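Written out below as structure tokens is the structure these notes cover.
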């Protein structure tokens with residue numbers, strides 16, 4: 001990754017990661033899963049996200065289907081990142097996503113709140129009505 005990499009970590013530091021580019025925007029999803037976790041999502045292709053600590057040190061939660069892999073730190077409890085199918089392009093039509101989704105095409109959702117030494121207030125936030133869409 002280049003010198004412009006963005007570093008992130010959970011509260012205790014057990015989870016550390018880097019991003020190849022700064023986030024362009026963040027998503028505030030209103031579904032119960034996202035709101036109860038308190039995350040603002042920023043999205044990256046797998047090549048743009050690098051976990052610097054062992055995946056085995058994370059705890060995985062998959063409340064809906066096994067291809068949705070949501071991780072959190074088992075020590076401090078911070079929601080860290082998710083490894084999911086790439087749902088972009090399906091936000092308006094969830095039924096279409098379930099019917100035609102290629103689960104091998106992945107996208108990482110990263111918790112914006114965990115970025116280190118970064119002004120997260122400068123990142124525009126888009127609200128997604130997940131509560132009513134799915």
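In the numbering used here, the protein residues as written are 1 to 134. Beta carbons are placed, not taken as given, at the ideal position from N, Cα and C, and that holds for glycine. All values derive from a computational prediction rather than experimental measurement.
Please give me, in chain order, every unbroken run of the alpha helix (DSSP H) with length at least 4 that falls completely inside the segment 35-108.
94-100
Under a three-way DSSP split, which group does residue 170 fall into?
Residue 170 is absent from the structure shown; the chain starts at 1 and stops at 134.
Counting only the same chain and skipping the five closest in sequence on each side, list residues whose C-beta sits under 8 Å from that of residue 54.
Your numbering for residue 54 matches position 54 in the chain shown. Nothing listed; no residue qualifies.
The alpha helix (DSSP H) that contains residue 115, what's its start and end?
Position 115 of the chain shown, counting from 1, holds the residue named residue 115. Where residue 115 is concerned, there is no enclosing alpha helix (DSSP H), given that its DSSP letter is neither H nor E.
On the DSSP letters alone, give me the boundaries of the beta strand (DSSP E) that residue 9 sits inside.
As a first step, residue 9 is located in the chain shown; it is residue number 9 there, counting from the start. Run containing residue 9: 6-9, per the beta strand (DSSP E) assignment.
So is residue 24 buried or exposed if we call it buried at 16+ other beta carbons inside 10 Å?
Taking the chain shown and counting its residues from 1, the one referred to as residue 24 is at position 24. Exposed is the call here.
If you count every other CB in all the chains shown that lies within 10 Å of the CB of residue 126, and 16 or more means buried, which is it?
The count along the chain shown starts at 1 and reaches residue 126 at position 126. It counts as exposed.
Locate the alpha helix (DSSP H) running through residue 133, then write down its first and last residues.
Here the question's residue 133 lines up with position 133 in the chain shown. Unbroken alpha helix (DSSP H) run through residue 133: 130-133.
In angstroms with no decimal places, state the Cα-to-Cα distance between residue 86 and residue 117.
Within the chain shown, residue 86 is the residue found at index 86, counting from 1. Within the chain shown, residue 117 is the residue found at index 117, counting from 1. Answer to the nearest angstrom: the Cα atoms are 28 Å apart.
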